[in-house]
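Only one structure is covered here, and it is reproduced in the block below.
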Ligand SMILES: [Zn+2]
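In the numbering used here, the protein residues as written are 448 to 516.
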């Protein structure tokens with residue numbers, strides 16, 4: 448059953464496939480503190496659900512912003 452919804456693209460998907468920005472604590476750069484404050488500005492918190500595609504987009508976007516900060 449598809450009962451989770453991506454906050455960005457609004458697609459529905461299965462709950463087991465939910466991604467959140469919490470997964471960014473495992474990347475070396477940007478630091479997680481920086482990531483959290485970056486996403487806060489986009490009105491995204493650690494409990495918002497995203498599909499795999501959108502979380503990848505956010506990962507790339509935030510990396511670019513980090514590199515150009
Ligand atoms: Zn999405």
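A virtual CB, placed ideally from N, CA and C, is assigned to each residue, including glycine.
Curious, which full-length alpha helix (DSSP H) runs of at least 4 residues does the stretch 453-486 contain? Entirely contained in the stretch 453-486, not one alpha helix (DSSP H) run reaches 4 residues.
In angstroms with no decimal places, state the Cα-to-Cα distance between residue 477 and residue 450. Locating residue 477 in the chain shown gives position 30, where the first residue counts as 1. Locating residue 450 in the chain shown gives position 3, where the first residue counts as 1. So the two alpha carbons sit approximately 31 angstroms from each other.
Around ligand 1, which residues pass a check of Cβ closer than 7 angstroms to any of its heavy atoms? Residues whose Cβ lies closer than 7 angstroms to any heavy atom of ligand 1, listed in chain order: 453, 455, 456, 458, 497, 498, 500, 501.
Within this structure, are the beta carbons of residue 484 and residue 509 separated by less than 7 angstroms? Here the question's residue 484 lines up with position 37 in the chain shown. Here the question's residue 509 lines up with position 62 in the chain shown. Taking 7 angstroms as the Cβ cut-off, residue 484 and residue 509 do not qualify as a contacting pair.
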